[in-house]
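For reference, the structure discussed in these notes is given below.
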Amino acid sequence: MPNQVISLLALAMRWLLFCLFVALAASESTNYEPTLNPRKTYEYKYEGVVNIGRDTPGLAESGVKLQCNFKITGVSIQTFLFKISNVTFEEFNGIPGVDSFKVSPNLTKHLAAVLTKPFTFEYTKGQVINIKTAPDVSNTIVNIVRGILKFLHVTVKTTQWIYELDEVGIHGFCHSAYVIEDNAAAKELYVTQNIDIKNCQQKAEIYQGMALGYESKSSRERGENVVSTVKYEYTVKSMGSGGLITKASALERHYFSPFNVKGGNSKLKANWNIELLKQTDIVGKPVTGQVNSRGNLMYKAEKGLGPMPILMISLTNPAPKIADLIKRLAQANIYQVNAATSADVLELIQLLRATSYDDLELLWKQLSGNDEHRRWFLDTVVEVTDGRVLKFLKNRFKAGDISANEAGQAILVAFNHLSAESELVEMAKEFLTIPFSKSHLMLWNTVILSYSSLVYRVCDRVNPCPVLTVQPLLDMATNGLTKGIDEDMVIALKALGNAGHPLSLKTIMKFLPGFSVKADSLPTRVQSVAVQSLRHLAIRDPHNVQDIALTLVARRTVPAEIRMLASVILLDTKPSLALISTLTELLLQETDRQVSSFIYSQLRGIASSRIPDDHYLSTVCNIAVKILSRKLGRLSYRFSKALHFDWFSDDLLTGTSKALYLLKNGTSALPTEIISNGKLYFIGRVFQLLDLGIRAEGLTELFSHRPGISKDFGVADFADIMKILSDWQSLHKKKPLLSVFVRFFGQEVSFFDLYQDVIQRILKSVGLTANKDNKLWDLIQQLQKGISWHWTKPFLMFETRFVQPTCLGLPVEISKYYSILAAVTVNAKANIDPPLKESLQEVRNADILVETDGFAGVATDYFVFHGINTDLFQSGVQLNGKTTVSLPWKAGLKKNVKEKNYEVTFPPCKNHTEFFTIKYDVYAVSRNNDDPSMAKMTPMIPEHRDPEQSFKDDTECSKEYQLEPLEIYQPKLKYCAELSSYGAAVCTELEAKRVQNLKDHPLSYLLGYTQFTCHLEPVRSVKPVEKIKIQISAAPHKHISQQGQMMTVTQEKFKDTDATPEPVTIVKVLALSPNVKPLGYEAAVYYTPDTQKDDIEVIISEAADEANWKICVDANIDKLQAGAKTHFRWGAECQSYEVAVKVSAKEQSKPTIIAEINWGDVPALIQTFGQSVREYVPGVSYAWGFSQKHEKNSEREVSATLQTSAQGGFDLEVKIPELTVSRQGISSPFDNVGIESATCPV
């Protein structure tokens, strides 16, 4: 028995050894590591296709297709020759399933000529490295080759079926996930690779034009506006010594929306397929020629801005084209904006970007002698965005052949649109030392602020940001502090604020009270600028800024204004719960009510915020508000406030916020400083669109400690206010009466200080008491001879570009452009009778007639592009939009001393005149440089289409799109308000084209043709109109110097109840015809002031004697009861119809506002509208969370009662006939302040 067991064990061992040897032999023969035999030539066929559109049946798309064969031949063990043949390039533009790809013959020849040049690469263990080719081959061509060679680049691990790693590819150094499937019978391995192109250590994507909008990670958590997926599949066949890739495919999808991709999107689908045709032994020695290294597989773009994706023009010999285009644009817009040419500004910019520096200098010599051509050139050359424009402007500064005004405009745009590169900062730094920069104060300020904005954008791209970029600004600040010159300190701190350089923090601290000895003695104005210079560092270095800001807030010895500004900076850093708790404790102990009111109102505004970035902070602030509400919740508007309002839509991934900061001190009713801040949340970024700031320290000082002025500025205070303002000369000469700043996208671009001497110069120049030596006298003399002035301004306001490579090596680009062309023309001539002789005082007693014509308007062009953009061809989806605003005029203005009236006359409407137009459409676009005649723009929603049309069944594409037909909706609406007496009508027109059965997504609302216009058009008048006249006749008694005296005289005049008051103003709008009484309307305004209430009456009637139709409006303002009442009556002698509106405020147990509307007889149209509202209210109020109570209320009355809520919002009750709806605790974006101070003092 044991012998049998031993025999069985021996047999089993031999069988196991046999299996092991078989397995080892099998493993030897099924090696899957990708390799290439250096003694062989491999021939493959390739087809790559890109399609861009909505991926919806019946809607137009664009696309490109590249087909070729290529051979890979061994040169050495690791080096291989790559050569392409049989190139074909096709374009698609039309409806999938109906239209087809078409060969582009000239572009095919062009691509064949460059793609067939030899390339070499090194290959080992499935990794492609060190691609080489001839030096004259463009990056566009090399990137296409990179896209093809990616089929060889794969990491195979047969010991794991699923694995992840980071590796180089066309999209960058990104994270990949692999899945392996083995087919032992066929000796094939199937590899699937998914690449997460958002998770890359190094990305090949390019952002331009978005540095001034910082990323909002919280917004991206709500959704994305760009989503991409990439998948590769490989078939690897074991060849004994290694694996050979016999088949490979790639599929890449991009989804883009200006909003959330979930709400509809534009889709890009890129795919290629590669298949091995044959492999042969090498015959002869491969020839590679002279080749240079072009790097690895990672996509590389050309240096600088590539061609704009929204147009394609020939860029050969651009200088003559530029000169010709500038002359044509100047002539086309010589009087008014020619909307048909406004988009040509972008073509001009494209040509300028392709021009050499020498040609720029040549063009300047050709064009600078003509004022129009000179201005057009200077306004557009600043968009060159690289070193050429800096060199050109430096020459202008050194030669002094441009004015300070021209230089300031050019520097402002050029520096802010310059590519953010370190070497360009060094070039720009030279402008800080050119004497011409300091020749004019406004120019010097512009140079400094614009340079600092460039530093900010460089720091956004380079980390760490070089200290050399900001060193000149640090030196300026230090020198200003040492010398004690306020103006030098202010401009340096403003520049440091723009730059936001992390290493500037220590320098800024030298200007903050409590952080240095000198800072404590600095003027509050300088300290204020220093605090605001922390605004960008609050985002870039929040922890250090938090410590500084909280310290400033906590120190009660620091001026209240500085503490309040520090609190704004503190909350911008998004502080933690611990910091907000500390701030709350400080406010509970705070004794300065200005500071506590201001910070509390900030916390309360953030607590109700809907912005994703504020989600956590909003929760924290909500807790703080509940703790502080008992102490600070009822502080009135007399104290400093921060008013905050915002909204955000997840569907649109878009939101806005608006803040208004009113900073006061304890001694003045006027705010010391007012700052308005607006932000746009869009495409996952935050843009600080526009900030305005007014610092009124001088004005505040004038009004401080003045007896008799209440903090409510009632009517009785105006005389005292005027007297105080007239005392502005008592201010210190070095203290500005007013300071104003403007910021765009968070960057301060301009500021202005109004000093005493400036006011004196202005008054001396324009005062009526001056003699012949002032500027106003010269202007009037020129006006009598006739003046003509024209100005145009082309401006590329917005250019953002996002470029990502696709698996084909072609770049997919998402770009947005917003350009403006503004124009103003004024022609005028005056006649003064009697003519002026000695003084401008004579104007008061002279009849004046001014005849003028002109134009003011602006055309804006905006484009959005999604698709493939190269220097050779473009294919994608493009939105083209245009908005125009036009105001032409021709009028006569007359002042008649004897009749004490003013007249404006203008000719009747004879032509169709557009005032406002919006027009846009979405297109599938295809363009290429070699076949310009094949360029095509197809409206995404087709012009004409048979809904019953069936698709061809013999194509794969038709099967994919065999769905129900489109239902196209084309509304056309027109509404005109005819003014037959004047022979004109004001009309609005809307025309649109939409797909009715698309899903209800936000993008669907925009998709399709849209045109909206508002215009004036002639209509048949009752009688022929020769001209139209507006006549204004003012009574008020006689000229009275003091406001208080005028009030007294007015009151005395109307105390007698039997007296019939004269109208304060009579306005007549008449259509004049020869030998016929004028037609039209007149309005008389009566004003009866009193100590308890003011009465105002307006009567509008027809000018014809036989007409009795009138509109009467009676309004009175109750000064004692804080209320107002208006009574509307109209019809025959104002007796046919009537409506009354009353609003009153009451200080009961809670502040309350009551509004009431009562009516008598009203027209049938209003009755119908009112009935519709009554039917609409129940459903809407229920949807908004209102409770309802059916009860009998007044039949002809609607009332609303608004009352502050204990929870910090307000309660609302609305009564309509038969229904009362109410809701409590409605949140409010504003503080519920006391209304006891809202009444005017007696």
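Letter by letter, the sequence shown follows residues -27 to -1, 1 to 1215 in mature numbering (1 follows the signal peptide of the UniProt record, and there is no 0).
Note that beta-carbon positions come from the ideal geometry of N, C-alpha and C, so glycine has one too.
Note that the structure is predicted; figures quoted are calculated from it, not measured.
Spatial neighbours of residue i in its chain, beta-carbon cut-off 6 Å, leaving aside the 5 residues before and after
i	result
TYR942	ARG967, GLN969
ARG716	ASP664
VAL1187	ALA1173, VAL1194
GLY854	TYR835, TYR893
PHE541	The question names Phe, but residue 541 is Val in the sequence shown. Closer than 6 Å at Cβ, skipping near neighbours: no residue.
Identity of the residue in the options nearest residue i by Cα
i	options	result
THR219	VAL256, VAL355, PRO78, LYS18	LYS18
LEU325	LEU335, ALA292, ASP297	ALA292
LEU162	MET537, LEU523, GLY216	GLY216
TYR790	LEU783, THR798, CYS780, MET770	MET770
GLU64	ASP904, LEU946, GLU1079	ASP904
ASP331	ALA1105, GLY373, ARG361	ARG361
PRO515	PHE660, SER489, LEU507, THR546	THR546
GLU396	ALA377, GLY277, CYS173, GLN720	GLY277
GLY606	ALA632, LEU561, LEU636, PRO644	LEU561
THR132	SER149, ILE117, GLU154, VAL115	GLU154
VAL48	LYS75, ILE25, VAL310, THR14	THR14
ILE283	SER489, LEU319, LEU385	LEU319
TRP764	LEU976, GLU786, PHE828, VAL568	PHE828
Distance CB(residue i)-CB(residue j) smaller than 8 Å
i	j	result
ARG1169	LEU1185	no
GLN757	ALA803	yes
GLN1161	VAL1194	yes
ASN800	ASP826	yes
GLY381	LEU416	yes
PHE55	LEU9	no
ARG430	ALA184	yes
GLY473	LEU510	yes
SER189	VAL659	yes
GLN777	SER201	yes
LEU241	HIS227	yes
ALA864	VAL850	no
SER35	SER848	yes
ASN517	LEU478	yes
Own chain, CB closer than 8 Å to residue i, minus 5 neighbours either side, in chain order
i	result
GLN1024	In this predicted model, GLN1024 has a pLDDT of only 46, less than 50, meaning its place in the structure is not dependable enough to derive any value.
VAL499	ASP459, MET462, VAL463, LEU466, PHE484
GLY487	ASP493, THR524, LEU525, ARG528, THR530, VAL531
ASN59	GLN40, CYS41, ASN42
SER111	VAL87, GLU275, ASP844
Opposing strand residues paired with residue i [DSSP bridges]
i	result
VAL1116	ALA1097, ALA1128
THR93	LEU54, LYS105
GLY1053	LEU1043
TYR1149	In the DSSP output, where bridge partners are listed per residue, TYR1149 has none listed.
ILE179	VAL776
PRO912	TYR896
TYR791	PHE771, TYR835
7 Å CB neighbourhood of residue i in its chain, flanking five on each side removed
i	result
LYS684	Note that LYS684 scores a pLDDT of 49, beneath 50, so its modelled location is shaky; the value from the coordinates is reported in the next line. ARG611, ALA642, listed in sequence order.
LEU1192	VAL1150, PRO1151, GLN1161, HIS1163
GLY373	PHE409
LEU590	LYS547, ILE579
Hey, which unbroken runs of the beta strand (DSSP E) at 3 residues or more fall wholly within the region 708 to 744?
-> Counting whole runs of 3 or more residues, the region 708 to 744 contains the beta strand (DSSP E) stretches 711 to 717, 720 to 727.
Which ranges would you report for the alpha helix (DSSP H) in the region 584 to 655 if only whole runs of at least 4 residues count?
-> With a minimum length of 4 residues, the continuous alpha helix (DSSP H) runs that stay inside the region 584 to 655 are 588 to 605.
Could you name each continuous alpha helix (DSSP H) segment of 4 residues or more that falls completely within the region 456 to 524, going from the start of the chain to the end?
-> You should have 459 to 472, 478 to 482, 490 to 493, 497 to 505, 510 to 513.
Identify every run of the beta strand (DSSP E) within the region 183 to 222, keeping only runs that are complete inside it and at least 3 residues long; order them along the chain.
-> Here the runs fully enclosed are 186 to 188, 199 to 211.
Enumerate, from N- to C-terminal direction, the unbroken beta strand (DSSP E) stretches of 3 or more residues contained entirely within the region 795 to 857.
-> Within the region 795 to 857, the complete beta strand (DSSP E) segments at least 3 residues long are 820 to 842, listed from N- to C-terminus.
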